[in-house]
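To start, the structure under review is shown below, and the notes come after it.
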Amino acid sequence: MKDKLKQVIIDGLNLEDLTPADIGDDDALFGEGLGLDSLDAVELVILVQKHFGVAIKDMKEGQAAFQSVNTLATYIAEHRQA
Amino acid sequence: MPQSPDPGASLPPSQPSRGWDSGSVGSRLQHGFFYLLIRIGGKPLAYVLLAVVVLWYVCYPSTRRKCSHYLRRRFPHRNGRLQRFLDSYRLVLSLGKLLIDRAALGIVGPATLQVTFPDGPQLLEVLAEEKGLVMVGSHVGCWQTALSAFDHVPAGVNLVIHRAENDIDLHYFEHSGEAPPFRIIDPAKEFLGGVLSMLEVLRRGEILGLMGDRVFGGDQHRLGVEFLGEPAVFPLSPYVLASSAGSPIVVLFSHRTGRNSYTLELAKVIHVPEGIGRDEEAMRPYVRQFAEALEGYVERHPWQFMNFFDMWDISSLDTTTPKENGGAA
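So the sequences go chain by chain: A and B. So that you can map any letter, position 65 of the first sequence is 628 in this note's numbering, and since no number is skipped, the others follow by simple counting. So that you can map any letter, position 72 of the second sequence is 70 in this note's numbering, and since no number is skipped, the others follow by simple counting.
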């Protein structure tokens, strides 16, 4: 799941210089970590829905989910099961 | 004023471009005096004082410089010193009247203004698509007065508004202490500049209003397209949000038609295809459509363009993306 998520992020957000191995599970997605910005977040919402079938509708939950690959993968897993 | 979101990961949108800020002209006391005049003598009394105060402010070179960005593009042949002074006076006087009208709306009440919206049925048609609606405006006319024409719109209205610390102009609803008739999304106070909240309201089928003619310092999502004969900087965020949510964009402008009347016009409906992402070149035609609509507006209402920001300063356009820069926007 995490590797697939990393690949989706790389492909979907055109992070061409990165491989999944370059992205730590707990690296911050935004700001200092991976360096994504807010419009990447908009695209990420769409990518998660497209590839994992999970709609992030509650943006307060989304804020918690968008901290790292780990938190996002957990959010996807929980909402897929729901 | 509503603003385009600051897409910086955690940056507040309060760092405008060089030599410009969105703070108010005049002190809190001076503003309060105008509010008092409106209470005592209505708008006519405030207009009289305004004419004198504007003359004082236009004597400052800094005021005329702020006016010149627009005036020399809109009126390229009116470049004599006296003519430019008079044009600056007229432009700032027009701004002052709009601000007095806005204050009067809150102090005296909506009955003081007649707002017409002949394109209202077209807006309802677009809303009926139930895909949400990105309402892109501009610093023209007075959007706050125009919003009173939204009473009959069957959808929640959410405006992206950030108030600079030195912006002391009161929104019209603040004069009466009432809650705003719309939800405010402040990009400086929300995670990721509020874009997730913006996307959320669009997915709920609501209206998201933001400005299409100003980019703030922290926002690197910008594009240069021609406006009044020269490349000017426009924000990309409204178009990216519309593409992501599959929402249509309506371009809405208001203009003052008389001392007590305004008209709201739906200048353009823009359909940005879904899935463009943030491809700047793919977005360019849609940003240009907005710029064309704005050109049409300033052709018809040249003295109601209130963006004193130098949007033609394209030095801020970076050929590299934020990611290539190695960090957040």
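Here a beta-carbon is modelled for each residue, glycine too, at the ideal position from N, C-alpha and C.
Item checked: Beta-carbon contacts of A:E624 that lie in its chain and below 8 angstroms, excluding the five residues immediately before and after -> Here residue 624 of chain A refers to the residue found at position 61 of the first sequence. Contacts found: Y638.
Note to self: So if I threshold CB-CB distances at 7 angstroms, which residues from the region 186 to 220 of chain B count as touching chain A?
What the structure shows: F189, L190, G191, V193, L194, S195, L197, E198, R201 and H219
Note to self: In whole angstroms, give me the CA-to-CA distance for B:I247 and B:I36.
What the structure shows: Taking the first residue of the second sequence as position 1, residue 247 of chain B is located at position 249. Taking the first residue of the second sequence as position 1, residue 36 of chain B is located at position 38. Computed Cα separation, rounded: 37 angstroms.
Checklist line | Cβ neighbour criterion (16 or more within 10 Å) applied to B:G154 | finding: Within the second sequence, residue 154 of chain B is the residue found at index 156, counting from 1. With fewer than 16 Cβ atoms within 10 Å of its Cβ, B:G154 is classed as exposed.
Item checked: Burial state of A:E595, where buried means 16 or more other Cβ atoms lie within 10 Å -> Indexing the first sequence from 1 puts residue 595 of chain A at position 32. Counting C-beta atoms within 10 angstroms of its own C-beta, A:E595 has fewer than 16 neighbours from the protein chains shown and is therefore classed as exposed.
Note to self: Against chain A, does B:G244 count as a neighbour if the rule is that its beta carbon must be under 7 angstroms from one of theirs?
What the structure shows: For the purposes of this step, residue 244 of chain B is taken as the residue at position 246 of the second sequence. Chain A, which has no Cβ nearer than 7 angstroms to the Cβ of B:G244, makes this no.
Note to self: So the candidates are A:H642, A:R643, A:K567 and A:V632; which of them puts its Cα closest to the Cα of A:A604?
What the structure shows: Numbered from 1 along the first sequence, position 41 holds the residue referred to as residue 604 of chain A. Among A:H642, A:R643, A:K567 and A:V632, the Cα nearest to that of A:A604 is on A:V632.
Note to self: Is there a C-beta anywhere in chain B that falls below 7 angstroms from the one on A:E606?
What the structure shows: Locating residue 606 of chain A in the first sequence gives position 43, where the first residue counts as 1. Cβ-Cβ to chain B under 7 angstroms: yes for A:E606.
Next item on the list: Consult DSSP for A:H642 and reduce its assignment to one of helix, strand or coil.
Entry: For the purposes of this step, residue 642 of chain A is taken as the residue at position 79 of the first sequence. In the structure shown, A:H642 sits in a helix (DSSP, three-state: H, G or I).
Item checked: Contact belief for B:V138 with B:S252 at Cβ below 8 angstroms, rounded distance in angstroms -> As a working mapping, residue 138 of chain B is identified with position 140 in the second sequence. As a working mapping, residue 252 of chain B is identified with position 254 in the second sequence. Their Cβ separation, rounded to whole angstroms, is 7 angstroms, which keeps B:V138 and B:S252 in contact under 8 angstroms.
Item checked: Spatial distance of B:L97 from A:K569 (CA atoms) -> Your numbering for residue 97 of chain B matches position 99 in the second sequence. Your numbering for residue 569 of chain A matches position 6 in the first sequence. Distance between the alpha carbons of B:L97 and A:K569 is about 50 angstroms.
Check: So what does DSSP say about B:P5, is it helix, strand or coil?
Finding: Sequence index remark: in the second sequence, residue 5 of chain B carries index 7 (1-based). Annotation note: pLDDT 32 at B:P5 (below 50); position unreliable, coordinate value reported separately. Reduced to three states, the DSSP call for B:P5 is coil.
Item checked: Rounded straight-line distance, which links the Cα of B:W54 to that of B:H219 -> Along the second sequence, one-based indexing puts residue 219 of chain B at 221. Along the second sequence, one-based indexing puts residue 54 of chain B at 56. The alpha-carbon atoms of B:H219 and B:W54 are separated by roughly 37 angstroms.
Notebook entry, point to check: Between B:N77, B:F225, B:F306 and B:R286, which lies nearest to B:E297 when the distance is taken from Cα to Cα?
Noted result: In the second sequence, residue 297 of chain B corresponds to position 299, counting from 1. Checked all of B:N77, B:F225, B:F306 and B:R286; the closest Cα to B:E297 is B:F225.
Check: Can the beta-carbon of B:F189 be found closer than 7 angstroms to that of A:Q630?
Finding: Sequence index remark: in the second sequence, residue 189 of chain B carries index 191 (1-based). Sequence index remark: in the first sequence, residue 630 of chain A carries index 67 (1-based). No, the Cβ-Cβ distance between B:F189 and A:Q630 is not below 7 angstroms.
Next item on the list: Inspect the CB distances between the region 115 to 128 of chain B and the region 225 to 235 of chain B and report whether three or more fall short of 8 angstroms.
Entry: The region 115 to 128 of chain B is not in contact with the region 225 to 235 of chain B.
Note to self: With a threshold of 7 angstroms between beta carbons, is A:S601 in contact with chain B?
What the structure shows: Numbered from its first residue, the first sequence carries residue 601 of chain A at position 38. For A:S601, the answer is yes, since a Cβ of chain B falls inside 7 angstroms of its Cβ.
Checklist line | Distance CB(B:R276)-CB(B:V223) smaller than 7 angstroms | finding: If you number the second sequence from 1, residue 276 of chain B lands on position 278. If you number the second sequence from 1, residue 223 of chain B lands on position 225. Judged by beta-carbon spacing, B:V223 lies beyond the 7 angstroms limit of B:R276, meaning their Cβ atoms are not closer than that value.
Next item on the list: Can you check DSSP and say which residues form a bridge with B:Q112?
Entry: Counted from its first residue, the second sequence places residue 112 of chain B at position 114. Per DSSP, B:S259.
Next item on the list: Using DSSP bridges, identify the partner residues of B:E345.
Entry: Because chain B is modelled from -1 through 327, residue 345 of chain B falls outside the range shown and cannot be assessed.
Note to self: Does the region 298 to 306 of chain B come into contact with the region 83 to 94 of chain B, if we say contact requires no fewer than three beta-carbon pairs (one atom in each stretch) closer than 8 angstroms?
What the structure shows: yes
Notebook entry, point to check: What do you get for B:G192, buried or exposed, if any count of 16 or more other CB atoms within 10 angstroms of its CB means buried?
Noted result: Mapped onto the second sequence, residue 192 of chain B falls at position 194. Classification for B:G192: buried.
Checklist line | Other residues of its chain near B:I274: CB distance less than 7 angstroms, five sequence neighbours each side excluded | finding: Counting from one through the second sequence, the residue named residue 274 of chain B turns up at place 276. So the qualifying residues of the chain are S241, A280 and M281.
Checklist line | Buried versus exposed, by CB contacts within 10 Å (16 or more), B:N305 | finding: Translated into positions along the second sequence, residue 305 of chain B becomes position 307. Buried.
Next item on the list: Give a yes or no on whether the C-beta atoms belonging to A:M564 and A:A636 are separated by under 7 angstroms.
Entry: Counted from its first residue, the first sequence places residue 564 of chain A at position 1. Counted from its first residue, the first sequence places residue 636 of chain A at position 73. For A:M564 and A:A636, yes; Cβs fall inside 7 angstroms.
Note to self: Can you check which of these residues, A:A628, A:L607, A:D621 and A:H642, is closest to A:I573 by C-alpha distance?
What the structure shows: Indexing the first sequence from 1 puts residue 573 of chain A at position 10. Nearest C-alpha to A:I573: A:L607.
Next item on the list: Determine the contact status of B:E198 and A:M622, defining contact as a CB-CB distance below 7 angstroms.
Entry: In the second sequence, the residue the question calls residue 198 of chain B occupies position 200. In the first sequence, the residue the question calls residue 622 of chain A occupies position 59. Cβ distance < 7 angstroms, so B:E198 and A:M622 count as in contact.
Notebook entry, point to check: Between which two residues does the beta strand (DSSP E) carrying B:E127 extend?
Noted result: By 1-based counting over the second sequence, the position of residue 127 of chain B is 129. Looking at the DSSP string, B:E127 is not in any beta strand (DSSP E), and its letter there is neither H nor E.
Check: Grouping DSSP H, G and I as helix and E and B as strand, with all else coil, what is B:P152?
Finding: By 1-based counting over the second sequence, the position of residue 152 of chain B is 154. In the structure shown, B:P152 sits in coil (DSSP, three-state: anything other than H, G, I, E or B).
Checklist line | Residue from B:G207, B:G118 and B:R257 with nearest C-alpha to B:Y45 | finding: Within the second sequence, the letter at position 47 stands for residue 45 of chain B. Ranking B:G207, B:G118 and B:R257 by Cα distance to B:Y45 puts B:R257 first.
Item checked: Inter-residue spacing [alpha-carbon to alpha-carbon] between B:G94 and B:S146 -> Translated into the one-based positions of the second sequence, residue 94 of chain B becomes position 96. Translated into the one-based positions of the second sequence, residue 146 of chain B becomes position 148. One C-alpha to the other measures close to 20 angstroms.
Next item on the list: State the beta-bridge partners of B:H253 as determined by DSSP.
Entry: Sequence index remark: in the second sequence, residue 253 of chain B carries index 255 (1-based). The partner list for B:H253 (beta bridge, DSSP) reads B:T261.
Next item on the list: List the residues of chain A that B:L239 touches, going by C-beta distances under 7 angstroms, in chain order.
Entry: By one-based count along the second sequence, residue 239 of chain B stands at place 241. Within 7 angstroms Cβ-Cβ: V605.
Checklist line | Beta-bridge partners of A:F593, as assigned by DSSP | finding: Here residue 593 of chain A refers to the residue found at position 30 when the first sequence is read from its first residue. BP columns for A:F593 point to A:L599.
Notebook entry, point to check: List, in order along the chain, the chain A residues whose C-beta lies closer than 8 angstroms to that of B:S314?
Noted result: In the second sequence, residue 314 of chain B corresponds to position 316, counting from 1. Near B:S314 there are no residues of chain A at all, since even the closest Cβ is about 16 angstroms away, more than 8 angstroms.
Notebook entry, point to check: Quick one: is A:Q626 near chain B, going by C-beta distance under 7 angstroms?
Noted result: As a first step, residue 626 of chain A must be located in the first sequence, where it is residue number 63. For A:Q626, a Cβ of chain B is located within less than 7 angstroms of the residue's own Cβ.
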